[in-house]
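**Student:** Structure provided below as structure tokens; questions to follow.
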Amino acid sequence: MIRTPLRPLARILEARQKGENPDAIERENKRIRHEQMRDHARQRAEGRLLVLGVFFFCAFAIVGARMALLATSEPVEPRAQAPGAVISASRADIVDRRGNLLATNMETYALYAQPKFMIDPVAAATKLTEVFPDLDKARLIKDFTGKRKFLWIKRKISPEQKQAVHDIGDPGLLFAPRDMRLYPNGTLAAHVLGGASYGKEGVHAAEVIGVAGAEKYFDDYLRNPDNAGKPLELSLDLTVQAAAEQVLYGGMKLMNAKGATSILMDVRTGEVISVVSLPSFDPNDRPRPAIEGDASDSPLFNRSVQGVYELGSVFKIFAAAQAIDLGLANADTVIDTKGPMKVGGFKIGEFRNKNYGELSVTDIIVKSSNRGTGRLALSIGAKRQKEFLQSLGFFEATSFEIVEAASGRPLLPKRWTDLSTVTISYGHGLSTSPLHLAAGYAAIANGGFKVSPTLLKQGAPQVGPRVMSARAAADARMMLRKVVTKGTASFAEVKGYQIGGKTGTADKPKRHGGYYKDKVIATFASIFPTSDPKYVLIVSLDEPVETSGDKPRRTAGWTAVPVAAEMVRRVAPLLGLRPTVEPANQPVVTLTSSN
Amino acid sequence: MRAILYILTSLAVIGLAFWAYRENYATQQALSEAGKLRRNIEAAHSRLAVLRAEWAYLNRPERLRDLTVINFDRLELLSMHPDRFGQVDQVAYPPKPLLPITNPVDVSTMNADVPAGQEDPL
């Protein structure tokens with residue numbers, strides 16, 4: 202760059218000659234130079250601004266374009282930072298306590314159509330109806346040739362059907378991958394598992410959601426991707442469940458019952474090993490809920506938790522156990538059971554108007570005397586009876602982990618009068634589900650601790666609050682055992698398993714008040730082996746009739762008890778219980794002084 | 871001096887560009903390979919799930935029960951009953967294997983010399 206001198210000699214000399222001030226030339230030149238410098242700097246700054254502007258524009262444009270791209274493109278999983286485990290979006294499996302599969306997923310396809318891509322809609326519709334005879338041809342043609350752009354044709358198709366649709370070869374017929382919930386054991390434990398269905402559906406995937414039973418109760422757990430590969434372990438035992446279902450089904454048919462339920466529960470952990478409700482259904486093809494008629498006629502009705510009925514004499518043992526616990530009586534205390542007995546203007550009678558006279562508490566249970574337990578209950582009093590039954594869990598729905606359990610809420614009397622106290626002591630006036638009963642009997646069996654039935658595999662026994670003394674529980678067990686050896690449940694004697702239990706035959710209530718004369722619920726609540734109880738078994742038959750005699754017999758001793766005995770015979774060996782010799786009644790050593 | 875520096879720098883740029891180009895393709899190759907492996911793993915997983923479901927289906931108690939009935943002649947399987955428990959000492963030890971016979975004695979009379987007149991009448 203040529204620098205212009207501030208005082209060019211030629212011009213200075215010229216100015217001096219003319220007598221002008223040469224400094225003016227210098228100022229003039231300085232001004233020009235500064236102006237040049239200013240212009241230059243301005244240009245540079247403007248250039249920089251432009252570059253910066255372009256830069257920012259590009260940066261924002263890139264961010265915007267990237268956002269638009271992300272928003273409009275299909276999501277893909279990150280490939281570069283692939284973790285070790287493959288993220289699986291499928292629902293977790295359900296297994297039994299030994300790891301046998303109860304519910305799993307299968308990949309299948311749904312069939313949909315995009316009529317605008319179809320080449321020959323009429324031919325495609327005709328061929329589709331050949332593959333799926335249940336489709337309506339006229340309607341398909343109407344859909345394919347109409348304005349619709351998209352329609353689902355089938356929710357689930359088999360691989361053979363998929364191939365057949367492929368062979369039609371129409372580009373407008375498309376497949377969408379689906380996860381399908383599969384219950385490989387069919388009807389086994391159907392009421393516990395419930396069933397699954399589809400939630401939100403898209404072309405690429407669909408949500409599988411539980412609609413009933415454990416599938417619905419544990420829906421969040423099963424759907425959580427964290428738990429994929431970690432199956433839900435239930436307390437059920439597949440083998441025992443299968444044997445129990447077989448025996449109960451046979452029993453139900455033999456006893457001409459319209460329904461049946463059985464519950465087998467561990468008395469210490471509260472684990473439900475098997476729970477059966479018949480009639481059953483196939484969760485792979487869950488029937489629609491009944492809209493009209495009695496809910497209990499639907500195979501979906503779970504009798505073990507939803508069947509809230511007055512269960513009858515099986516409740517008597519609670520009155521006896523409480524009376525012993527409170528020190529009001531012991532097993533040998535003699536109670537007068539003679540009639541007439543009137544409470545609140547209501548006559549309390551015995552089964553077939555028998556009169557037992559004076560009976561010990563044990564014999565009251567063995568002979569199943571209504572008046573005997575009624576007198577025990579009156580001595581206990583309404584308040585204490587209420588508290589005791591509440592502590593056993595008879596006042597609220599069980600915590601059993603299937604959604605239906607919440608609807609199995611016991612029906613309590615509105616006012617707990619003396620009459621209620623007496624009738625409830627022999628199982629009328631308080632309606633509960635068989636599962637409540639199982640929990641109550643478990644407390645007697647395990648030495649007086651409350652247990653809540655659970656569907657999940659447990660590692661350790663439950664430590665519930667004590668609801669009765671060990672002594673009262675032991676006496677109650679002894680009485681239950683005597684019911685089998687000497688009383689109404691003599692058919693329950695299975696050599697080696699020392700079953701103890703109580704029968705209960707309750708008339709079924711009519712829907713609009715009153716009771717049926719010839720419809721009963723026969724229940725047998727039992728524990729085994731009585732010397733060291735491990736399991737409680739409840740068997741309940743709905744409207745059983747035993748017709749081998751000249752008169753039809755409906756009492757539990759003739760109907761539910763033989764079924765329960767056969768069930769123990771089949772199931773106890775499967776549980777690893779060896780038949781043992783019953784220990785003789787040994788005298789109990791009581792510590793009377795600590796010195 | 872400066873020229874050498876320029877040449878070296880441009881050579882380095884060319885070299886690095888070449889390296890980056892190769893790394894880019896190697897990475898993409900590795901990614902596609904990993905993707906392929908993952909797809910294989912997924913396929914294997916779903917195949918495994920189907921096999922497990924099928925195994926569970928084939929082992930469902932109902933079918934096993936029918937199979938024991940059909941094959942009762944051969945297997946003689948009965949359901950577990952209380953009277954089928956035993957003690958360990960009720961089970962016999964397996965018999966000891968016989969010692970090998972090293973000096974066999976022929977006890978047959980087929981080749982014996984029969985004195986005259988004492989032949990078998992038959």
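The listed protein sequences derive, respectively, from chains S and Z.
So that you can map any letter, position 408 of the first sequence is 609 in my numbering, and since no number is skipped, the others follow by simple counting.
So that you can map any letter, position 72 of the second sequence is 942 in my numbering, and since no number is skipped, the others follow by simple counting.
Glycine residues also receive a C-beta, built at the ideal position from the N, C-alpha and C atoms.
What runs of the beta strand (DSSP E), each 3 residues or longer, lie entirely inside the segment 320-377 of chain S?
**Tutor:** Whole beta strand (DSSP E) segments, 3+ residues: 352-358.
**Student:** Can you give me the C-alpha to C-alpha distance between residue 692 of chain S and residue 516 of chain S, rounded to a whole angstrom?
**Tutor:** Position 491 of the first sequence, counting from 1, holds the residue named residue 692 of chain S. Position 315 of the first sequence, counting from 1, holds the residue named residue 516 of chain S. Each residue's alpha carbon lies about 20 Å from the other.
**Student:** Under the criterion of a Cβ to heavy atom distance below 7 Å, does residue 710 of chain S qualify as lining the ligand GTP?
**Tutor:** This structure lacks the ligand GTP; in fact it carries no ligand of any kind.
**Student:** Given that a residue counts as buried once 16 or more other Cβ atoms are within 10 Å of its Cβ, and exposed if not, what is residue 348 of chain S?
**Tutor:** By 1-based counting over the first sequence, the position of residue 348 of chain S is 147. The residue is exposed, with fewer than 16 neighbouring Cβ atoms inside 10 Å.
**Student:** Starting from the N-terminal side, write out each stretch of the alpha helix (DSSP H) that is 4 residues or longer and does not extend beyond the segment 681-758 of chain S.
**Tutor:** If we require 4 residues or more, the segment 681-758 of chain S turns out to have no alpha helix (DSSP H) run fully inside it.
**Student:** Considering Cα atoms alone, identify which of S:603, S:606, S:632 and S:601 is closest to residue 614 of chain S.
**Tutor:** Taking the first sequence and counting its residues from 1, the one referred to as residue 614 of chain S is at position 413. Ranking the options by Cα distance to residue 614 of chain S, first place goes to S:632.
**Student:** What number of angstroms, rounded off, separates the C-alpha of residue 267 of chain S from the C-alpha of residue 885 of chain Z?
**Tutor:** For the purposes of this step, residue 267 of chain S is taken as residue 66 along the first sequence, with counting starting at 1. For the purposes of this step, residue 885 of chain Z is taken as residue 15 along the second sequence, with counting starting at 1. Approximately 31 Å between the Cα atoms of the pair.
**Student:** Can you give me, in chain order, the residues of the segment 696-724 of chain S that have a beta carbon less than 8 Å from any beta carbon in chain Z?
**Tutor:** The segment 696-724 of chain S vs chain Z, Cβ under 8 Å: 696, 697 and 698.
**Student:** Within 10 angstroms of the Cβ of residue 642 of chain S, are there 16 or more other Cβ atoms? Answer buried if so, exposed if not.
**Tutor:** Start at 1 with the first residue of the first sequence, and residue 642 of chain S comes out as number 441. The residue in question, residue 642 of chain S, is buried, as its Cβ has 16 or more Cβ neighbours within 10 Å.
**Student:** Cα separation between residue 943 of chain Z and residue 949 of chain Z?
**Tutor:** Taking the second sequence and counting its residues from 1, one reaches residue 943 of chain Z at position 73. Taking the second sequence and counting its residues from 1, one reaches residue 949 of chain Z at position 79. Spanning the two alpha carbons is a distance of roughly 15 Å.
**Student:** Relative to the alpha-carbon of residue 277 of chain S, which residue among S:405, S:653 and S:313 has its alpha-carbon at the smallest distance?
**Tutor:** Along the first sequence, read from residue 1 onward, the residue named residue 277 of chain S stands at position 76. Of the listed residues, the one whose Cα sits closest to residue 277 of chain S is S:405.
**Student:** For residue 409 of chain S, count neighbouring Cβ atoms within 10 angstroms of its own Cβ and tell me buried if that reaches 16, exposed if not.
**Tutor:** Taking the first residue of the first sequence as 1, we reach residue 409 of chain S at position 208. Buried, by the Cβ-count rule.
**Student:** Under a three-way DSSP split, which group does residue 566 of chain S fall into?
**Tutor:** Locating residue 566 of chain S in the first sequence gives position 365, counting from the first residue. Three-state result, residue 566 of chain S: helix.
**Student:** For residue 431 of chain S, name the three-state secondary structure that DSSP assigns.
**Tutor:** Along the first sequence, read from residue 1 onward, the residue named residue 431 of chain S stands at position 230. In the structure shown, residue 431 of chain S sits in coil (DSSP, three-state: anything other than H, G, I, E or B).
**Student:** Does the distance from the C-beta atom of residue 464 of chain S to that of residue 636 of chain S stay below 8 Å?
**Tutor:** To locate residue 464 of chain S, count along the first sequence from 1; it is residue 263. To locate residue 636 of chain S, count along the first sequence from 1; it is residue 435. Closer than 8 Å, so yes.
**Student:** Work out the CA separation of residue 965 of chain Z and residue 975 of chain Z for me, nearest whole Å.
**Tutor:** Counted from its first residue, the second sequence places residue 975 of chain Z at position 105. Counted from its first residue, the second sequence places residue 965 of chain Z at position 95. Roughly 24 Å separates the two Cα atoms.
**Student:** Which residues, in order along the segment 940-957 of chain Z, keep a beta-carbon less than 9 Å from a beta-carbon of chain S?
**Tutor:** So the list reads 949, 950, 951, 952, 953, 954 and 955, given in the order they occur along the chain.
**Student:** Going by the DSSP bridge assignment, what does residue 311 of chain S pair with across the sheet?
**Tutor:** As a working note, residue 311 of chain S is residue 110 in the first sequence. Answer is S:377, bridged to residue 311 of chain S.
**Student:** Residue 919 of chain Z versus chain S: which residues are under 9 Å apart at the beta carbon?
**Tutor:** Sequence index remark: in the second sequence, residue 919 of chain Z carries index 49 (1-based). Correct list: 291, 294, 305, 306, 307 and 308.
**Student:** Do residue 396 of chain S and residue 412 of chain S come within 8 Å of each other at the CB atom, strictly closer than that value?
**Tutor:** Taking the first sequence and counting its residues from 1, the one referred to as residue 412 of chain S is at position 211. Taking the first sequence and counting its residues from 1, the one referred to as residue 396 of chain S is at position 195. Going by C-beta atoms, residue 412 of chain S is nearer than 8 Å to residue 396 of chain S.
**Student:** Could you tell me the distance, in whole angstroms, from the CA atom of residue 697 of chain S to the CA atom of residue 785 of chain S?
**Tutor:** Position 496 of the first sequence, counted from the start, is the residue given in the question as residue 697 of chain S. Position 584 of the first sequence, counted from the start, is the residue given in the question as residue 785 of chain S. Taking the straight line from one Cα to the other gives about 13 Å.
**Student:** Report back the beta-carbon spacing between residue 594 of chain S and residue 653 of chain S to the nearest angstrom; my notes put them in contact at under 8 Å.
**Tutor:** As a working note, residue 594 of chain S is residue 393 in the first sequence. As a working note, residue 653 of chain S is residue 452 in the first sequence. Right, their Cβ atoms sit about 7 Å apart.
**Student:** Tell me the DSSP secondary structure of residue 261 of chain S in three-state form.
**Tutor:** Along the first sequence, one-based indexing puts residue 261 of chain S at 60. The answer is helix: DSSP assigns residue 261 of chain S an H, G or I state.
**Student:** If you draw a straight line from the C-alpha of residue 204 of chain S to the C-alpha of residue 872 of chain Z, how long is it?
**Tutor:** Taking the first sequence and counting its residues from 1, the one referred to as residue 204 of chain S is at position 3. Taking the second sequence and counting its residues from 1, the one referred to as residue 872 of chain Z is at position 2. The straight-line gap from Cα to Cα measures roughly 29 Å.
**Student:** Using the three-state DSSP reduction, which class does residue 493 of chain S fall into: helix, strand or coil?
**Tutor:** By 1-based counting over the first sequence, the position of residue 493 of chain S is 292. The answer is coil: DSSP assigns residue 493 of chain S none of H, G, I, E or B.
**Student:** Is the Cβ of residue 903 of chain Z closer than 8 Å to any Cβ of chain S?
**Tutor:** As a working note, residue 903 of chain Z is residue 33 in the second sequence. Closer than 8 Å: no.
**Student:** For a contact meaning CB atoms closer than 9 Å, what does residue 923 of chain Z contact in chain S?
**Tutor:** What you label residue 923 of chain Z is simply residue 53 of the second sequence in a count that begins at 1. Within 9 Å Cβ-Cβ: 302, 305, 306, 307, 383 and 385.
**Student:** Can you name the residues of chain Z whose CB is closer than 7 Å to the CB of residue 377 of chain S?
**Tutor:** For the purposes of this step, residue 377 of chain S is taken as residue 176 along the first sequence, with counting starting at 1. Within chain Z, no residue comes near residue 377 of chain S; the closest Cβ sits about 16 Å away, beyond 7 Å.
**Student:** For residue 286 of chain S, count neighbouring Cβ atoms within 10 angstroms of its own Cβ and tell me buried if that reaches 16, exposed if not.
**Tutor:** Taking the first sequence and counting its residues from 1, one reaches residue 286 of chain S at position 85. Low confidence applies to residue 286 of chain S: its pLDDT is 49, below 50, so where it sits in the model is not reliable, and the reading given next is rough at best. Residue 286 of chain S should be labelled exposed.
**Student:** What in chain Z is Cβ-close to residue 479 of chain S, meaning under 7 Å?
**Tutor:** One-based indexing of the first sequence puts residue 479 of chain S at position 278. Simply none; closest approach about 15 Å.
**Student:** Assuming residue 776 of chain S and residue 393 of chain S are in contact, meaning their beta carbons sit under 8 Å apart, how far apart are those beta carbons, in whole angstroms?
**Tutor:** Within the first sequence, residue 776 of chain S is the residue found at index 575, counting from 1. Within the first sequence, residue 393 of chain S is the residue found at index 192, counting from 1. Incorrect: roughly 18 Å between the Cβ atoms, too far for contact.
**Student:** Roughly how many angstroms lie between the CA atoms of residue 621 of chain S and residue 547 of chain S, to the nearest whole one?
**Tutor:** Within the first sequence, residue 621 of chain S is the residue found at index 420, counting from 1. Within the first sequence, residue 547 of chain S is the residue found at index 346, counting from 1. Roughly 11 Å between the two C-alpha positions.
**Student:** Measure the CB-CB distance between residue 389 of chain S and residue 446 of chain S and report whether it falls below 8 Å.
**Tutor:** For this step, residue 389 of chain S is matched to residue 188 along the first sequence. For this step, residue 446 of chain S is matched to residue 245 along the first sequence. Yes, the pair counts as a contact, with Cβ atoms nearer than the cut-off.
**Student:** Need the endpoints of the alpha helix (DSSP H) that residue 559 of chain S sits in, please.
**Tutor:** The residue you call residue 559 of chain S lines up with position 358 of the first sequence. Here residue 559 of chain S belongs to no alpha helix (DSSP H); instead the beta strand (DSSP E) covers 559-561.
**Student:** Suppose contacts are defined by Cβ-Cβ distances below 8 Å. Is residue 690 of chain S in contact with residue 684 of chain S by that definition?
**Tutor:** Taking the first residue of the first sequence as 1, we reach residue 690 of chain S at position 489. Taking the first residue of the first sequence as 1, we reach residue 684 of chain S at position 483. In contact: residue 690 of chain S and residue 684 of chain S (Cβ atoms closer than 8 Å).
**Student:** Starting from the beta carbon of residue 443 of chain S, find every residue of chain B whose beta carbon is closer than 9 Å, and list them in chain order.
**Tutor:** In the structure shown, chain B cannot be found, because the protein chains are S and Z.
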